[in-house]
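Here is the structure we will look at, set down as structure tokens.
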Amino acid sequence: MEDIKTHREFFDSLGTSYPAAAGVTITPGTISDVPVYWIEPAEAAAGKLLVYLHGGAFAVGSITSHGPMVSHFAKAAKRKVLFIDYALAPENPYPAGLNDVLKVYATLNDVDVEMMGDSAGGGLILSVIAAVEKAPKAVVLLSPWIRLESDLPSHEVNAGKDVIATEYLHDAAKAYAGVSPDSLRFDAFPPVLILAGGQEILLDDSRTFHARIPQSRLVVYEGKQHVWPLTNIDTPETLAEIAQFLTAGY
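Be aware that the sequence shown starts at 1287, since it is given in my numbering, and climbs by one per residue.
Laid out in structure tokens, this is it:
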């Protein structure tokens, strides 16, 4: 991946597309030497914690790019959110980022943990669930990148319609050098909500995983691209879907 610094700066600039949700605080912290951010709305359900893993092809993404979007998720779902700023490739290839998440996850023993992630963050959640004894209570996957080979039919069907390209994902997968989440095996899987855009090249990642997990719900938003709320949070149907899933007890 060429000029990673420039690419990270561009990706972070997406976080200026709209402001954070009113009444939501974002506070930096550290857990087990891993940088984290606490994103907390004025009204948050007691005893619940939503752990968020950001996307960015395992190489870009931060609280700067994702903080505003996640703040709106937190407010809509009335959830305190723990945003994990895990190590990124290519400087820190697999399993560095996964290990960061696992170190933090191991400390979360006194709350009901839920997890949400977009794109690569969604795939990373699958790696976490495969590695831990106690899975999260529920999972929300937004445009998840699950098959790192990036060779399912939607890559061809939606080529040129999406904000990302298959070639970029191929380069990112090589830099990450990790296990493809679609190859993982699960004895059981928590209730999962999968949200995908009808125009994204990763649409079949969502469809295939939905078919594999009987207790999953898949919602496809026609005309939407990859991780559409990142640049336009004016998507009340998406916010309502997330809130309904988490607050209704899955």
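For every residue, glycine included, the Cβ atom is placed at its ideal position computed from N, Cα and C.
It should be emphasised that the depicted structure is a prediction, and the values quoted were computed from it without experimental measurement.
Item                                                                                                           : Value
Beta-bridge partners of F1369, as assigned by DSSP                                                             : Y1323 and Y1338
P1522 (DSSP reduced to helix, strand or coil)                                                                  : helix
Other residues of its chain near L1388: CB distance less than 8 Å, five sequence neighbours each side excluded : V1414, A1417 and V1418
Residue range of the unbroken alpha helix (DSSP H) whose run includes T1350                                    : I1349 to A1363
Proximity to G1342 [Cα-Cα], best of F1369, R1294, S1303 and K1364                                              : R1294
D1404 vs P1430 beta-carbon contact at 9 Å                                                                      : yes
Inter-residue CB distance, A1406 and S1436 (contact presumed, cutoff 8 Å)                                      : No, A1406 and S1436 are not in contact; Cβ-Cβ is about 12 Å, not under 8 Å.
Distance CB(F1359)-CB(Y1338) smaller than 9 Å                                                                  : yes
Rounded Cβ spacing between G1309 and H1352 (contact assumed at less than 8 Å)                                  : So it is not a contact: roughly 19 Å between Cβ atoms.
Secondary structure of E1527, DSSP reduced to three states                                                     : helix
Cβ pair V1390, I1370 closer than 9 Å                                                                           : yes
Expected contact under 8 Å - CB spacing of G1484 and V1506 to nearest Å                                        : 5 Å
Per DSSP, the bridge partner or partners of V1425                                                              : M1401 and V1478
Local conformation of G1315 per DSSP, three classes                                                            : strand
Residue(s) in a DSSP beta bridge with S1469                                                                    : S1469 pairs with nothing; no bridge assigned.
Three-state secondary structure (DSSP) of Y1507                                                                : strand
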